[in-house]
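In my numbering, the protein residues as written are 4 to 221.
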């Protein structure tokens, strides 16, 4: 049988190799960044402490998710601004991680909903997807570092799953803000991740509402 040996100097082969190296470097860089963030959270290093509109962060995150995968419907259900005190960049990362988790672990075209509401003293962010749902008994372990779902369940074609740190960061950032993250769902019922954070004190919220009202009246 005749064997075909590729010329190692083939420009196409070189381009493919360079692309694989670049992609792997990107994955390794992201992994290092995630591990560094988790290390900082473990050490209790202070985060930024400013007034953050969780609704505005959700709007941006949904826009970004739609741009990344226009075929996947992502609906935002949110009313007026929901204010908390914290680190805007880290809270943005929380929403981005949750939507990336939906993309990576549900079939193509699976719909997702992001909602932002407020109770008397908490800001509540919920990301729900209509995917295959969590396996029984995994509601707590999904937030453990390097935990991964069964690769046979709902991954996009060609996607083997992430580093297993995305939901750990979600939980770590929530805890660092005095909040928490929980996951619910089961086979055939999709997955719902709820992040609750302390609502900003009344005075900053009222001041922000007054400022928004002034801008609308101009």
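Note that CB positions come from ideal geometry on N, CA and C, so glycine has one too.
Query, Result
"CB of residue 92 within 7 Å of CB of residue 119, strictly", "no"
"Integer-rounded CB distance, given that residue 84 should sit under 8 Å from residue 59", "7 Å"
"Beta-carbon separation (whole angstroms), residue 196 vs residue 184, contact threshold 8 Å", "6 Å"
"Buried/exposed call for residue 135, threshold 16 Cβ in 10 Å", "buried"
"Separation of residue 48 from residue 106, as counted between CA atoms", "31 Å"
"Neighbourhood of residue 68 by C-beta distance below 6 Å, restricted to the same chain and skipping five residues each side", "77, 102"
"Exposure label - residue 188; buried when at least 16 CB within 10 Å", "buried"
"Under the three-state DSSP convention, the category residue 111 falls into", "coil"
"Inter-residue CB distance, residue 61 and residue 128 (contact presumed, cutoff 8 Å)", "7 Å"
"For residue 55, the first and last residue of its enclosing alpha helix (DSSP H)", "Careful: residue 55 lies outside any alpha helix (DSSP H), inside the beta strand (DSSP E) at 53–56."
"Buried or exposed (CB count within 10 angstroms, at least 16 for buried), residue 74", "exposed"
"Nearest to residue 201 (by Cα), restricted to the options 57, 149, 146, 99", "57"
"Residue interval of the beta strand (DSSP E) (run including residue 177)", "No beta strand (DSSP E) contains residue 177, which is instead part of the alpha helix (DSSP H) from 169–179."
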